[in-house]
Amino acid sequence: MRQSRPRRQAIGRQRRRHARRRPARQPEGGLAGWRGGPLRRARGHHPAEPRRRRRQPQARRPRGVSAPQQGPAGAPQQAQPQQSQRRKRRRPSQRTPVGEVKSLHVSRERQVGQGQRQAIGNQGSEQRPPQIAECSSPQPLPRAARSAPPACASLEPVQDLLGKTAVVTGAAAGIGKAMAAAFAREGMNLVLADLDREKLDRAAAELSAAGVGALAVPTDVTQPEQVEELARKAYDRFGSVELLCNNAGVLGPILPSWQQPIENWRWVFDINVLGVVHGIHAFVPRMLAQGTQAYVLNTGSIAGFINGPFFAPYNASKHAVVSLSECLHHELRAVGCRIQVGVLCPGWVNTGLAQLEQKLPAELAGVNAAQAQSDIVAQREKNVRQMVADSISPDEIAAIVLAAVREGRFYIFPHQERKADIEARLHEVLAEAQPSFPPKKPV
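Quick look at the structure:
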């Protein structure tokens, strides 16, 4: 609040009277001729500093005329007009940035600490003051150095399969059983896993009769503890695993997306996606620890690249498997390892995958039967069964997989003719066109 003028004058008189009563403090050592007190000090004068003189004003010279110069006899010479020059900008002072000062202190403390530790470790040795290098701002690494992963120990494929061990999930029938038989012909030990115990035991007995070591472990891949038990039994029996095939999968009901119950989505994703994740969690750390060349094969589908109607849960899950496999490949390359990754992407295969009534859980069979009343859905299911019946056999898929493992391939497409559909789909994506089925290149 601003005070009135009489009030301010009264306060000033009171301060001056108080200053006259109190003796002025003299500076240490004395200062001749100095007179002052609290009032003068309050105005900004310090007893240890002389009072500054006011700068005398000087006459301004017109622009372009230099100051008069003194001659040899001291007489002033005539001022000479000169050309006007642009005033040079002052250079900024070479000050150390705040970040550099902080890093300098940190480096000094770090080096001093290292010197103390050396003195403690070398008793009797002369301790020299640490040499502090000139501090400079840290330079960022080149992009190539930041993105380049460390070199892997070896990327050679697993060509010699004799005496090695393969773990196959979903091995009771279909592609899994065919792959196990192909591996057995190469002299590999086998660990077979499936939810169907009866079919699993029958497949293990057939392979054991061929003279190979076969271990059957009933496993639900949706349960991580059961997959962990599968890995423990495999390593207890054979000591190492060189080939892991995360093959278990289901097709799911043929329904529009809005009619697919949430239970369908969970069931398909638990097997097709989390089954692969559980296999990676249980086996990859052990395969890294064993330090030998190995191969992880995840069964995807051509549906991981091309989308059709009425298979939304299946298509989405296979897209996830392809993405997961690519991520695993990059991660294993980044840490430097001897494990390769592959993703199997077949089209329709003549297996029991399309026999939905045999695979659906009892609680889902009734729900999906009530939903599948559309003529379009019925026709689509009929077409699927016909395409499955006319497709290639699992044994052909197994032979292609065996060759891909020996070559160390990542993408495995048994149906080479479907590559044109993948290319057309990518063209649609890049052209930002409406998706079509089958995919067509935009004109």
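If you read the sequence shown in the working numbering, its first letter stands for residue 805, the second for the next number, and so on. The C-beta atom is built at its ideal place from N, Cα and C for all residues, glycine as well.
- Closest option to residue 1060, judged by alpha-carbon separation, among 1116, 1068, 1214: 1116.
- Membership of residue 1076 in the alpha helix (DSSP H) is indicated by the continuous run 1066-1076.
- When secondary structure is reduced to three states using DSSP, residue 977 falls in the coil class, being assigned neither helix nor strand.
- Contact fails between the stretch 1000-1011 and the stretch 1055-1074, because fewer than three Cβ pairs, one in each stretch, are under 8 Å apart.
- Check the Cα spacing between residue 1040 and each of 1021, 1066, 1233: the tightest is with 1021.
- Judged by DSSP in its simplified three-state form, residue 1117 adopts helix.
- At a cut-off of 3 residues, the continuous stretches assigned as beta strand (DSSP E) that sit fully inside the stretch 1014-1100 are 1018-1022, 1047-1050.
- Setting aside the 5 residues that flank it on each side, residue 1098 is surrounded in the same chain by 1046, 1091, 1143, each with a C-beta closer than 6 Å to its C-beta; the list follows chain order.
- DSSP places residue 1143 inside the beta strand (DSSP E), whose first and last residues are 1143-1148.
- The alpha-carbon separation between residue 1064 and residue 1053 amounts to approximately 18 Å.
- Of the residues 1027, 968, 964, 995, the one whose Cα lies closest to the Cα of residue 975 is 995.
- Contact between the stretch 1074-1088 and the stretch 1187-1196 is absent: fewer than 3 CB-CB pairs across the two stretches fall below 8 Å.
- Within the DSSP bridge table, the entry for residue 997 names 973, 1021 as partners.
- Contact annotation: residue 1154 and residue 1103 have beta-carbon atoms that are not nearer than 8 Å.
- Between residue 1238 and residue 1224, the alpha-carbon positions lie close to 18 Å from each other.
- Excluding sequence positions up to five before and after residue 1211, its CB lies within less than 8 Å of the CB of 961, all in the same chain and listed in chain order.
- Separation of the CB atoms of residue 1146 and residue 1208 is rounded to 6 Å, and the pair is thereby assigned contact status at 8 Å.
- By the CB criterion at 8 Å, residue 1073 and residue 1105 fall outside the cutoff.
- Under DSSP, residue 1196 forms a beta bridge with 1153.
- Straight-line spacing of the CA atoms in residue 1068 and residue 1128 works out to 21 Å.
- In the DSSP assignment, residue 822 falls within the alpha helix (DSSP H) that extends over 809-825.
- Less than 8 Å divides the Cβ of residue 983 from the Cβ of residue 1202.
- In chain order, 1021 place their CB closer than 6 Å to the CB of residue 1037, counting only its own chain and leaving out the 5 sequence neighbours on each side.
- For the 8 Å CB-CB criterion, residue 1025 and residue 1075 form a contact.
- In the same chain as residue 1019, and ignoring 5 residues on each side of it, the C-beta atoms closer than 6 Å to its own belong to 995, 1041, in chain order.
- Residue 970 and residue 1012 have their C-alpha atoms some 14 Å from each other.
- If you look at residue 1213, you'll find it isn't in any alpha helix (DSSP H); DSSP assigns it neither H nor E.
- For residue 1223, the uninterrupted alpha helix (DSSP H) segment begins and ends at 1223-1234.
- Under DSSP, residue 1102 shares a beta bridge with 1050, 1147.
- The shortest CA-to-CA distance from residue 1044 to any of 1088, 1243, 1123 is the one to 1088.
- The residue among 1230, 972, 1056, 818 with its C-alpha nearest the C-alpha of residue 1084 is 972.
- In the same chain as residue 1228, and ignoring 5 residues on each side of it, the C-beta atoms closer than 6 Å to its own belong to 1243, 1244, 1245, in chain order.
- In this structure, DSSP gives residue 1136 a helical state, which the three-state scheme calls helix.
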